[in-house]
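Numbering (this note's numbering), first residue to last: 13 to 434. Where a beta carbon is used, it is the ideal one built from N, C-alpha and C, also for glycine.
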């Protein structure tokens, strides 16, 4: 009954929005100012695409049965969300239970292999409509081929790329983690990429190029780009400290020394830290026989400067900080294949998450070899509904702030209307 009442109130609010903003859904759809959107898109290869518009997603995706106990796993559901900018058929996949693990994987329509020397583009949208406090929303690109075990897919499953937002408390970052076959390790980007943490949809795009560069976009705006060797620890350092060199034993790196001419004054140690308060007077009702001999309270001695120490002067023999000489690193070798995270092919995509507060909606996934193709797909999906969703959200926030506690104060009357509608 409580759930139905909440749903009734939500629909009532949406009806008010439709009444107040009758032309909202007639807004012109925004377009990206990118002339290259249609160039080359026909030659693009799409390895995976998912929009979660109906229950057919269960035929594509597998929930792992042998990763965590069933009691610790959260359930997924198809949902359009609270404030939805798309049409009635446009939905997403939502987490539904707090403090749960979420696992899901699907096979690509065609394996992506880095040996083809193509760009790799991963793009999907995330909406934290619950106001997330702690939880992941990243996606993984996975190797494995026919050996991939979807029922055991989880945090320990090897992956080629982990990409997307991860939020917990004050930490709000977009993960970019790439697998290095040479180091047999997953390499985090050296400097965090901040992520948005509002309750609206945002689309995240990663581009990995065979020239060993990458770029990350949020809502089609570039938020980080560069060379893999500069942003990740794929390579050994070009220089190392010379193992045959060490700081000389007589190297003087002390900038200040005690002044040898500064002498402690005579009687300095006889100055007490505290003295009787010279302004204190014996209370008029003090009785020496009953209270004992009166003594004034102690206060800090203004003439006491603490333990004596000689003044410090510049060290005339100071040589500066010793710097260890460096030499070329014999183990340094440039790797032309840093970008090749799918050296043996990537065959699956998946989510393995932990969320304290559920409600995140995932949508509009595409994996392709063309940024233009991904941007075109974003135009047809995410950007088609982005502004309408924002208008609905802002309008609802305005109405709720104006109405205040209307529902609480008029709960009985609202229950009557609720009952009538039922």
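Residue(s) in a DSSP beta bridge with residue i
i           : result
residue 60  : 379
residue 350 : Note: residue 350 sits in no beta bridge, so no partner.
residue 198 : 191
residue 178 : 148, 185
residue 340 : 251
residue 320 : Paired residue(s): none; residue 320 is not in a bridge.
residue 219 : 133, 227
Check whether residue i and residue j have beta carbons under 8 Å apart
i           : j           : result
residue 146 : residue 180 : yes
residue 371 : residue 152 : no
residue 205 : residue 236 : yes
residue 355 : residue 192 : no
residue 220 : residue 131 : yes
residue 379 : residue 120 : yes
residue 86  : residue 93  : no
residue 373 : residue 135 : no
residue 139 : residue 212 : yes
residue 341 : residue 252 : yes
residue 116 : residue 79  : no
residue 60  : residue 90  : no
residue 76  : residue 166 : yes
DSSP state of residue i mapped onto helix, strand, coil
i           : result
residue 109 : coil
residue 414 : helix
residue 364 : strand
residue 234 : strand
residue 203 : coil
residue 5   : The chain is shown only over 13 to 434; residue 5 falls outside these bounds and no answer can be derived.
residue 48  : Unreliable positioning characterises residue 48 in this predicted model, as indicated by a pLDDT of 44, which lies under 50. A coordinate reading is not provided.
residue 227 : strand
residue 37  : Unreliable positioning characterises residue 37 in this predicted model, as indicated by a pLDDT of 45, which lies under 50. The coordinate reading is nonetheless provided below. In the structure shown, residue 37 sits in a helix (DSSP, three-state: H, G or I).
residue 209 : coil
residue 173 : strand
residue 283 : coil
residue 157 : helix
Boundaries of the alpha helix (DSSP H) in which residue i is found, first to last residue
i           : result
residue 69  : 69-72
residue 241 : 240-243
residue 301 : 300-303
Enclosing beta strand (DSSP E) for residue i [first to last residue]
i           : result
residue 312 : 310-312
residue 286 : 286-288
residue 326 : 324-326
residue 296 : Note, residue 296: premise wrong, no beta strand (DSSP E); not H, not E.
residue 88  : 88-91
To test your reading of the DSSP string, which unbroken beta strand (DSSP E) runs of 3 or more residues are found completely within the segment 93-149?
104-107, 112-124, 132-140, 146-148
At which residue ranges does the segment 253-281 contain complete beta strand (DSSP E) runs of 3 or more residues, listed in the order of the chain?
268-270
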